[in-house]
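Using our numbering, the first residue of the sequence shown is number 1, and each one after it goes up by one.
Structure, as structure tokens:
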Amino acid sequence: MRKMTIAIGACAAALLAGGLWFASLDPETRGILGHLPTNADVLGWSVDQRDAAFR
1 MRKMTIAIGA CAAALLAGGL WFASLDPETR GILGHLPTNA DVLGWSVDQR
51 DAAFR
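Okay, here's the thing in structure tokens:
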């Protein structure tokens, strides 16, 4: 039971750390991470995606 509690606590801590890291990013980086382009063709990306990706 103690191992399970430690594992759940570690997962919760990792989730909290990831959330804090994501919240600390600037809005453009959060935007590109939240809406990653599905193709590698840069010319097919929207202007906002290109601006955020190449800053």
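Virtual Cβ for every residue (Gly too), placed ideally from N, Cα, C.
- Taking the Cα positions, Leu43 is about 40 angstroms away from Ala13.
- Here DSSP, grouped into helix, strand and coil, assigns Ser24 to helix.
- Ile32 counts as buried, since at least 16 other C-beta atoms from the protein chains shown sit within 10 angstroms of its C-beta.
- Burial check for Ala7: the Cβ neighbour count within 10 Å stays below 16, so the residue is exposed.
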